[in-house]
Ligand code: FAD
Ligand code: NAP
C-alpha cells in the first residue's frame, strides 16, 4: 500500500470550489480501496466520523470540520466490455468528470457530450445524478461499487438501488454519509446521437444551419455556452447552481402565471419546474452583494464568494435570498450543494 499520508488541522480552502477556509481536524487523500479501508479503520479507532470529498464543487462548509476528511483520488479507466454497438467502462471514483467526457469523445463513445464541463469527480456524479442540457447521469449508468462505512464492506448498486431522481439519489437520502463510492460503471454508444432538447443548444445549431451536429460539436457548444455564462470556480469561487429548480403544483403555477405572465416554467413529472434563476432575478437579487457574498451578475442561480468568506456568510446570504423569493412567489428554494454544519 502506498503511503497513508494523514494530516491534521488542515485548511479546506483549496479543497472546495467556494474557497471556504474551514479547518478539518484530520484529512487524508486516498488513492486505492486499501487506503480507504485504512482510513475507515483509523476513524473507528479514534471515534471520528468520516467526511468524503471529491473536488468539493458541491459542498458548503458552514463551520470547521470535526471529522476525518477523506479526499477520493482513486484513479483508473477500464473497458470491461465492448460490442459493435456500445462499450462498458469502469471508472475510478477519483477521476475528473470533464476529463472522462473528453476521453470518451476522443474514443468515439457517445452519451456524455451534454455533461461537458461539469466540475468534480466521477464518484460524486451519482450522488445528485448530475445533469445538464436535458441529460442526466442515469441515462448511461450501469452500476457502482462502494464501501459501506459501518461494516467496511464492498457493495454493488445497480440503477434501481441508486433511486435516481432530479438532482437526487439514495445517497442524498437514506444512504447519506453511509457509503464511499469507489468506481462507477457506464455504458456509452458507438453510434452518434444527440439530445438537443434544450433551447440554448438547439438554437445554436439552428443559427448555424446545422441539422445533425456531431457529438464533438455538441461538446464544443456546451463548453462554449457554459464558459460564457458560468463563473470559473478557479477565478471566482462558487459551487454552481446554489438552489434546485423548484417543482410546484399546476394550481400554484396557474396562480403565479396570472401575476407573472412571463415566468419561465417547464412541465415535468410531478408538476411544473420553475427556473430558480428567473425567480431570483425577479426578486431583485441578481448581482446583489452582502458581506462580500453575491449572486453572479450573469447567472443569478450561482452564489459567488470572491472574498473567500466563511460558510456562515454564504448561508446567511442564501437564507435571506430564500426568504425574499418566498415572499414574492410562495416558492421555497431548496439548497442544492451539501451543507456541513
Ligand atoms: P464534492 O463537492 O466533493 O461532494 C459532493 C457530495 O458528494 C458530498 O456530500 C460528498 O460527501 C459526496 N461524495 C463525493 N464523492 C463521493 C464518493 N466517492 N462517495 C460517496 N460520497 C461522495 N452539477 C450538475 O448536476 N450539473 C451541472 O451542470 C453542474 N454545473 C456546475 C458548474 C459549476 C461551475 C460548479 C462549481 C458546480 C456544478 N455542478 C453541477 C455541481 C457539481 O459539479 C456536481 O455536483 C459534482 O458531481 C460534484 O463533484 P465533487 O467531486 O466536486 O463533489
Ligand atoms: P438554461 O439553458 O438557460 O435554462 C434555464 C433553466 O430552464 C434551467 O434551469 C433548465 O432546468 C430549464 N430548462 C431549459 N430548457 C428546458 C427544457 N427543455 N426542459 C426542461 N427544463 C428546461 O440553463 P443554464 O443555467 O444555462 O444551465 C444549462 C444547463 O446546465 C442546465 O441543465 C443546468 O441545470 C445545468 N447547470 C447546472 C449547474 C449546477 O450546479 N447544478 C450549474 C450550471 C449549469 P435544469 O436546470 O433542470 O436543466
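In the numbering used here, the protein residues as written are 719 to 1059.
Even for Gly, the Cβ is constructed at its ideal location relative to N, Cα and C.
beta-carbon residue i near the ligand FAD non-hydrogen atom, thresh 7 Å
i            : result
residue 852  : no
residue 729  : no
residue 836  : yes
residue 773  : yes
residue 1013 : no
residue 917  : no
residue 882  : no
Residues near residue i by beta carbon distance below 6 Å, same chain, minus five either side
i           : result
residue 889 : 845
residue 903 : 808, 860 and 861
Cβ separation of residue i and residue j, assumed to be a contact under 8 Å, to the nearest whole Å
i            : j            : result
residue 771  : residue 786  : Not confirmed; about 11 Å, so no contact.
residue 832  : residue 777  : The pair is not a contact, with the Cβ atoms about 24 Å apart (cut-off 8 Å).
residue 744  : residue 726  : 5 Å
residue 811  : residue 841  : 3 Å
residue 1023 : residue 956  : 7 Å
residue 1008 : residue 1035 : 5 Å
residue 983  : residue 991  : 7 Å
residue 907  : residue 1031 : Between residue 1031 and residue 907 the Cβ distance is about 45 Å, and since that is not below 8 Å, they are no contact.
residue 823  : residue 934  : 6 Å
residue 1075 : residue 821  : Residue 1075 cannot be examined here, being either before or after the span of the chain that is shown, 719 to 1059.
heavy atom of the ligand NAP below 7 Å from residue i C-beta
i            : result
residue 963  : yes
residue 737  : no
residue 1018 : no
residue 778  : no
residue 1049 : no
residue 761  : no
residue 807  : no
Sequence-distant residues of the same chain with beta carbon closer than 7 Å to residue i, five excluded per side
i            : result
residue 885  : 846, 847, 849, 962 and 1054
residue 1006 : 1012 and 1013
residue 949  : 956, 1014, 1020 and 1022
residue 875  : 861, 862 and 864
residue 843  : 815, 855 and 902
residue 775  : 735, 837, 838, 951, 957 and 958
residue 1044 : 1050
Other residues of its chain near residue i: CB distance less than 8 Å, five sequence neighbours each side excluded
i           : result
residue 918 : 851 and 943
Curious, which full-length alpha helix (DSSP H) runs of at least 4 residues does the stretch 799-864 contain?
815-824
Let me know the alpha helix (DSSP H) ranges lying completely inside the stretch 891-943, each 4 residues or longer, listed in chain order.
917-925
Where in the stretch 729-797 do unbroken runs of the alpha helix (DSSP H), each at least 4 residues long, occur, reported from the N-terminal end onward?
751-763
Unbroken stretches of the beta strand (DSSP E), 3 residues or longer, contained in the stretch 947-1017:
956-959, 983-986, 989-992 and 1011-1013
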